[in-house]
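Presented below is the structure to which this report refers.
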Amino acid sequence: MNRINKKLNENKKLLSIYFTAGYPNLDDTVSIIQNLEKSGVDMIEIGLPFSDPLADGPTIQASSTQALINGMTTEALFKQLKDIRKTVNIPLIIMGYFNPILQYGVEAFCKKCSETGIDGLIIPDLPVNVYNEQYKPIFEKYDLINVFLITPQTSIERIHFIDSISNGFIYMVSSASVTGSSSGFGEEQINYFKRIANMNLKNPQIIGFGISDHNSFTQATTYAKGAIIGSAFIKHLSNNGVKDTADFPNAILNQLT
Amino acid sequence: MNRINKKLNENKKLLSIYFTAGYPNLDDTVSIIQNLEKSGVDMIEIGLPFSDPLADGPTIQASSTQALINGMTTEALFKQLKDIRKTVNIPLIIMGYFNPILQYGVEAFCKKCSETGIDGLIIPDLPVNVYNEQYKPIFEKYDLINVFLITPQTSIERIHFIDSISNGFIYMVSSASVTGSSSGFGEEQINYFKRIANMNLKNPQIIGFGISDHNSFTQATTYAKGAIIGSAFIKHLSNNGVKDTADFPNAILNQLT
Amino acid sequence: MTYNINEKGYYGEFGGAYIPEMLYPNVEELRQNYLKVMKEPSFQKEFNLLLKDYVGRPSPLYFAKRLSEKYNTKIYLKREDLNHTGAHKINNTIGQILMAQRLGKKRIIAETGAGQHGVATATVCALMGLECIVYMGEIDIARQAPNVARMKMLGATVISAKSGSKTLKDATNEAIRDWINNPVDTHYIIGSVVGPHPYPDMVARFQSVVSKEIQWQLKEHEDKTKPDYVVACVGGGSNAAGAFYHFLEDTEVKLIAVEAAGHGVDSGESAATSVLGKEGIIHGSKTLLMQTNDGQITEPYSISAGLDYPGVGPMHAHLYKSGRAEFMSITDDQAMTAGLELCKLEGIIPAIESSHALAIFEQKKFKPEDVVVLSLSGRGDKDLNTYINYYKL
Amino acid sequence: MTYNINEKGYYGEFGGAYIPEMLYPNVEELRQNYLKVMKEPSFQKEFNLLLKDYVGRPSPLYFAKRLSEKYNTKIYLKREDLNHTGAHKINNTIGQILMAQRLGKKRIIAETGAGQHGVATATVCALMGLECIVYMGEIDIARQAPNVARMKMLGATVISAKSGSKTLKDATNEAIRDWINNPVDTHYIIGSVVGPHPYPDMVARFQSVVSKEIQWQLKEHEDKTKPDYVVACVGGGSNAAGAFYHFLEDTEVKLIAVEAAGHGVDSGESAATSVLGKEGIIHGSKTLLMQTNDGQITEPYSISAGLDYPGVGPMHAHLYKSGRAEFMSITDDQAMTAGLELCKLEGIIPAIESSHALAIFEQKKFKPEDVVVLSLSGRGDKDLNTYINYYKL
Ligand SMILES: Cc1ncc(COP(=O)(O)O)c(C=O)c1O
Ligand SMILES: Cc1ncc(COP(=O)(O)O)c(C=O)c1O
């Protein structure tokens, strides 16, 4: 059983953290992952930086640009992660845009993920139908879970369709927006969370976008299996560097340090 | 008999000088005229300054602008010239553009000229046919000679026509150009001078435009009854002021001072 | 009464050719030939082909829906702004360059205010491979920089006129001086219905394509060939002459000519020639002009370089004196407001000259059923700096 | 083989809609409706009326006599420079604004490179009274200042894109981000045949009026409906798509697409996408794009803001891969030379984009009897500073 599915089966709300590989420094990747695991994070999205991350807001975008300047490449990332499974047990997901993956070769990329111990992928600009028609067998062959997004605008039929082809969790975008652009949830979003919760989908949902602190994390996880934090963590890294990485999840989970 | 005709009957080559009334100083008009007469000038064109003297080159244009700034007006000019005939005997011609004259009233203007002792007018932008059809009787009534221009481009028929309606002299433009733009005469111009001289017109010709020194004056008067100098004299005034006015005609006539 | 020119070259008491003898051969050559040449089928064919394929005629007659709604009347814009080079001026320069060619001229001179006529002249000179010299007032060179750049690109020599008000009047003086100095091979392409006969009539005829088109275009839109009103701004008067031309004798069509009031008609800084002018001679034509009692020509002022002229064509002097056209004066501020309004309502940035015409809708009420055709004489690209500075955008 | 789009939204292997889920509802709404809406008679009527009376279509097909003489072949210029706002871009924005209205959108966003698309979008938004936000790279804002001024006059908000190369690619990223953030009431008017399906096809159809007109106009000039060659510059590819459209399947008509080589194809500073690009995904479309081995999109370079794009529309990727069109690359210097040449020979100042197309005549010989139609996609008013600085005029 894929680590993601195992994790989802745990009877707890999940905290998932996104960071951009190669940021703030090229070789921070492994230590960030290790520190996050140690401080109780349940799942990690490792961002493969892209020159034109059009679904990301300014914070993640800037971190990607810096990571590329630092020298991050697909090859380099896999090299850094080569031995990651010797020390890390939580699910690891690579989040990246489709073009770098396409250039690497989709099958080669999946194979490498599988060898490295990556459990899933989030590829925002690989649409469901293209995945379904062209790439599903490859992902399955390498036991990679492909995670799809839904938004407040996604129609009921489409949510059911996405649910039907998903086999891990559904990434529930809290509001239709690029990452890092709102904070805290309003009534409209809460209603949306409730609406989805009531659909009784086969896949659990993890909410992302706009979660930045303990409060919003708690709110989100009232209605979903877990929540993903990205921009807020990147900001933490850029303000504090890597040495106090653990402070961030601690604050979210409201643990005393 | 009009002073101009009398002068033209003299058995000599005529030097006529143009200056802009009110330049360099508003009240220089009378003394310039007097000094010119004293130094042997045969005829004077008094320029009535105009804001837009489109047949004049930069030198005369600038002098007109300055004269207007100094306060010269049609009324002021007539006031300055009121007693001119008490001291000056040579023919005096007013040279001005048509619009100021029109505003003064053509008949009023002619009457005033006659009262003042002005002998003729040169109005570059009053065309022959308009003069002929509308204003001839007025000029005749006040015994004013209207002087017409011809240029190297004027057709033979037109020269004969202009000759027929002229009763003083013909202002022969040395080359088709605004005032002050050439110096000395080339073969083409000399041929033109000869051509006109050979036409045996009833009116003598006085050459203007491009005469600036003894040499060009002598050249021009080889083929014509006289010559008019304008820009070169204005330049002299602007370089030397009015006190050495006489130097200029002296140099032209090559008289020792 | 006729509102057209008579055989002597006058509109009523206005017009004629008050030129120095030095210009006589050139002007006379033109006078004797212009009608004959214009009527030659080969001329007509070439002229019309260039208007169509090069200039982009017919220019649309555009029903301005939102502007009409705002002023509760039917406003049609005659889109001269869409012509090649961006104004009505090119209709005339195409005609004159063909005329110049047929008269064997090798060198072209022009004056320009807004630069539109200069650009249009430089353009047709490039098209025909003729040398081109454009005179432009020093102030206008500064405020219409894009057009100066365009003339240079097109290979024209731009000469700065530094005398007088350093605007259109002075550029015209310089151009005339040049013509006097170059009497044989040079044609002077005057840019408006000004100057000595036959210029006003020749330019009006070249521009008359505008009202010709309005007639059949209106037929398509409104099933009638006459508007109730034709509105145009007047600098020298060429766009108005073109827009009025085929309606001149039909007094059912009301004509409105709009002049630049600058800082106000009575401010001493304006270019509202008809109201402020008296009969006189300017640039070879008897017409109305702004002048002192002494007959010195006054320095005009308008924010718009193309209207900044102390005279007006003799046709317009006659239209004013006879009452055939209504003359309105629009200030800088009123024009700028109307210009921005057209941007916001119709997505069209007008030349500031044309903005003066647009400004009348705030001054005069029309009936809902009135069909008002307005000559949008040019586009505002040349005026962007002036607009931007004015509005601090 | 077909060169048109298939029912899945692909030209051969290129195209599709590689978009984040956040954009799915918008893009899907458009995909489901665009053909249906475009075929509605009321849409057709309004679209065609605006093209005629507002844009000024048909744009002339002008036989460039002196240019033809110089290159000893028959060159026709399709005069998109005469359109309202000065380029072909407005054909598309008119279409899309009508589409947006019918889809009930209230807010319009756009990206722009040269500013022509931004101006065209701001224009139609003013015309329809809709809010308009335009994203433009910081570098392009500097080099196309007149167009920035125009957008402001028209009431649009111009937002500077400061990431990446600070040019068109980055402006597009920002526009897409905006759209993601405003998924309900906003329509994104893409300015070229790029982006996710159905944009490339929709834009190509709106631009196809160009080749439709070429067919009947050529009939008038040459008594045939097909040229031997159609030539167009390619940034994203919309003017080329429009000029090629009705000839795509007729291989007797040779197509030439001209890309910007910047300082030279091999200089590392160019935008010659087809030659230098590899298959990949950019802005939602599978196409050819300039990228590193690692799949990072390369920062392109061209003196021309409108060609300074690392991708190309999927139609063009297919035309390249299939060999249906010949692709040529033109350097900055070659383009600038050709641009000035057109000024001097024909009195037309071309957009620097279009100058790239014009430059091929120095590179490729045509037969004297060849009929070559070249899309003069825009006028050079926006580029005056660049020309003037380049030539030190
Ligand atoms: C756009 C535009 N409209 C109007 C004018 C005024 O000239 P006219 O009165 O001859 O039409 C000009 C002059 O440059 C102009 O450029
Ligand atoms: C005049 C002109 N031509 C061409 C282009 C390139 O775009 P496309 O390839 O979509 O025609 C642009 C883009 O701004 C442009 O302004």
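Protein chains in written order, with UniProt numbering: chain A, 1 to 257; chain B, 1 to 257; chain C, 1 to 393; chain D, 1 to 393.
The beta-carbon is built from N, C-alpha and C at its ideal position, and this holds for glycine as well.
Would you check if the distance between the CB atom of THR20(A) and the CB atom of SER64(A) is smaller than 7 Å?
As a position in the first sequence, residue 20(A) is number 20, starting the count at 1. As a position in the first sequence, residue 64(A) is number 64, starting the count at 1. Yes, the Cβ-Cβ distance between THR20(A) and SER64(A) is below 7 Å.
Hey, would you say the C-beta of ASN33(D) is under 6 Å away from at least one heavy atom of ligand 2?
Reading the fourth sequence from its first residue, position 33 is the one you call residue 33(D). Result no, Cβ not under 6 Å from ligand 2.
Quick one: does the C-beta of GLU353(C) sit closer than 6 Å to a heavy atom of ligand 1?
Position 353 of the third sequence, counting from 1, holds the residue named residue 353(C). Yes; taking the cut-off as 6 Å, the Cβ of GLU353(C) has a heavy atom of ligand 1 nearer than that.
Report all residues from its chain with a CB closer than 6 Å to the CB of ASP266(D); omit the five preceding and five following residues, and keep chain order.
Along the fourth sequence, one-based indexing puts residue 266(D) at 266. There are no such residues.
Would you say TYR390(D) reaches chain C, if we count a Cβ-Cβ gap shorter than 7 Å as a contact?
In the fourth sequence, the residue the question calls residue 390(D) occupies position 390. It does not; no Cβ of chain C falls within 7 Å.
Rounded straight-line distance, which links the Cα of GLY186(B) to that of GLU45(B)
In the second sequence, counting from the first residue as 1, residue 45(B) sits at position 45. In the second sequence, counting from the first residue as 1, residue 186(B) sits at position 186. Roughly 26 Å separates the two Cα atoms.
Below 8 Å on C-beta distance, what does PHE63(C) contact in chain E?
Among the protein chains of the structure shown, namely A, B, C and D, there is no chain E.
Cβ neighbours of SER322(C) in the same chain (closer than 8 Å, five flanking residues each side left out)
Mapped onto the third sequence, residue 322(C) falls at position 322. MET1, TYR3, GLY12.
7 Å Cβ cutoff, CYS132(D) in contact with chain C
Along the fourth sequence, read from residue 1 onward, the residue named residue 132(D) stands at position 132. Answer no: the Cβ-Cβ gap between CYS132(D) and chain C never drops below 7 Å.
Which of helix, strand or coil DSSP assigns to ALA100(C):
On the third sequence, position 100 is the one that residue 100(C) refers to. If DSSP states are grouped into helix, strand and coil, ALA100(C) belongs with the helices.
Is any beta-carbon of chain D found at less than 7 Å from that of ILE99(A)?
By one-based count along the first sequence, residue 99(A) stands at place 99. Per the sequence shown, residue 99(A) should be read as Asn rather than Ile. Yes, contact with chain D.
Compute the beta-carbon to beta-carbon distance between GLN291(C) and ASN99(B), rounded to the nearest angstrom, for a pair I have assumed lies under 8 Å.
Taking the first residue of the third sequence as 1, we reach residue 291(C) at position 291. Taking the first residue of the second sequence as 1, we reach residue 99(B) at position 99. Contact flag correct, Cβ pair sits at about 7 Å.
Within the same chain, show all residues whose beta-carbon is closer than 8 Å to that of ASP140(D), passing over the 5 residues directly before and after it, in chain order.
As a working mapping, residue 140(D) is identified with position 140 in the fourth sequence. Excluding sequence neighbours, ASP140(D) sits near THR112, GLY113, ALA114, GLY115, LYS166, THR167, LEU168, ALA171, ALA305, ASP308.
Flag VAL371(D) as yes when its Cβ comes closer than 6 Å to any non-hydrogen atom of ligand 1, and as no otherwise.
Mapped onto the fourth sequence, residue 371(D) falls at position 371. Result no, Cβ not under 6 Å from ligand 1.
Taking the alpha carbon of TYR229(D) as the point to measure from, which residue in VAL373(D), GLU21(D), THR386(D) has its own alpha carbon closest?
Taking the fourth sequence and counting its residues from 1, one reaches residue 229(D) at position 229. With distances taken between Cα atoms, TYR229(D) lies closest to VAL373(D).
According to the Cβ coordinates, are ALA197(A) and TYR223(A) closer than 7 Å?
In the first sequence, the residue the question calls residue 197(A) occupies position 197. In the first sequence, the residue the question calls residue 223(A) occupies position 223. Yes. Within cutoff.
Can you pull the chain C neighbours of SER31(B), defined as C-beta to C-beta under 8 Å?
Residue 31(B) sits at position 31 when you count from the first residue of the second sequence. Residues of chain C passing the Cβ test: none, with the nearest at roughly 23 Å.
Beta-carbon of PRO137(B) versus every beta-carbon of chain C: anything under 7 Å?
As a working note, residue 137(B) is residue 137 in the second sequence. Chain C contact via Cβ: absent.
Please give me, in chain order, every unbroken run of the alpha helix (DSSP H) with length at least 4 that falls completely inside the segment 21–54 of chain D.
24–39, 41–49
For ILE297(D), report the span of its alpha helix (DSSP H) as first-last.
What you label residue 297(D) is simply residue 297 of the fourth sequence in a count that begins at 1. Element bounds for ILE297(D): n/a, residue is neither H nor E.
Looking at chain C, is there any beta carbon in it that lies within less than 7 Å of the beta carbon of THR257(B)?
Position 257 of the second sequence holds residue 257(B). Caution applies to THR257(B), whose pLDDT of 47 falls short of 50 and renders its modelled position unreliable; the model cannot decide the point.
Nearest to residue 322(A) by alpha carbon, out of LYS6(A), LYS12(A), MET1(A)?
Given that chain A is displayed from residue 1 to residue 257, the structure contains no residue 322(A) and the question cannot be resolved.
Identity of the residues DSSP links to HIS187(D) by a beta bridge:
Mapped onto the fourth sequence, residue 187(D) falls at position 187. Answer is ILE108(D).
Run the CB neighbour count on THR287(D), radius 10 Å, all protein chains shown included, and call it buried at 16 or more, exposed below.
Here residue 287(D) corresponds to residue number 287 of the fourth sequence, with the count starting at 1. Buried, because 16 or more other Cβ atoms sit within 10 Å of the Cβ of THR287(D).
Indicate whether the contact test is met: 3 or more Cβ pairs, each with one atom in the segment 29–39 of chain C and one in the segment 336–345 of chain C, closer than 8 Å.
no
Let me confirm a value: ILE122(A) is counted as buried when at least 16 other C-beta atoms fall within 10 Å, else exposed. Which label applies?
Translated into the one-based positions of the first sequence, residue 122(A) becomes position 122. Classification of ILE122(A): buried, given that the 10 Å Cβ count is 16 or more.
When the Cβ atoms of the segment 218–226 of chain D are set against those of the segment 182–189 of chain D, are three or more pairs found closer than 8 Å?
no
SER285(D) versus VAL312(D), SER270(D), LEU376(D), residue with shortest Cα-Cα distance:
Within the fourth sequence, the letter at position 285 stands for residue 285(D). Closest by alpha carbon: VAL312(D).
Can you find a C-beta in chain B that's less than 7 Å from the C-beta of residue 398(C)?
With chain C running from 1 to 393 in the structure shown, residue 398(C) is simply not present.
Alpha-carbon spacing of THR221(A) relative to ALA261(D), whole angstroms:
Against the first sequence, residue 221(A) aligns to sequence position 221. Against the fourth sequence, residue 261(D) aligns to sequence position 261. For THR221(A) and ALA261(D), the distance between alpha carbons rounds to 53 Å.
Using a C-beta to C-beta distance shorter than 8 Å, which residues of chain A count as neighbours of GLY284(D)?
Along the fourth sequence, one-based indexing puts residue 284(D) at 284. Per Cβ cutoff of 8 Å: ASP125.
What three-state label does DSSP hand LYS194(A) in the structure shown?
By 1-based counting over the first sequence, the position of residue 194(A) is 194. Helix.
Beta bridge counterpart(s) of GLY226(A) as assigned by DSSP
For this step, residue 226(A) is matched to residue 226 along the first sequence. Partner(s): LEU14(A), ILE206(A).
Cα-Cα, which of MET43(B), THR59(B), TYR192(B) is closest to ASN5(B)?
For the purposes of this step, residue 5(B) is taken as the residue at position 5 of the second sequence. Per the Cα distances, MET43(B).
Please determine whether the Cβ atom of ASN293(D) lies at a distance below 6 Å from any heavy atom of ligand 2.
As a working mapping, residue 293(D) is identified with position 293 in the fourth sequence. ASN293(D): no, Cβ never under 6 Å from ligand 2.
What does DSSP give as the partner residues of ALA331(C) in its beta bridges?
Counted from its first residue, the third sequence places residue 331(C) at position 331. The question names Ala, but residue 331(C) in the sequence shown is Thr. Paired residue(s): GLY262(C).
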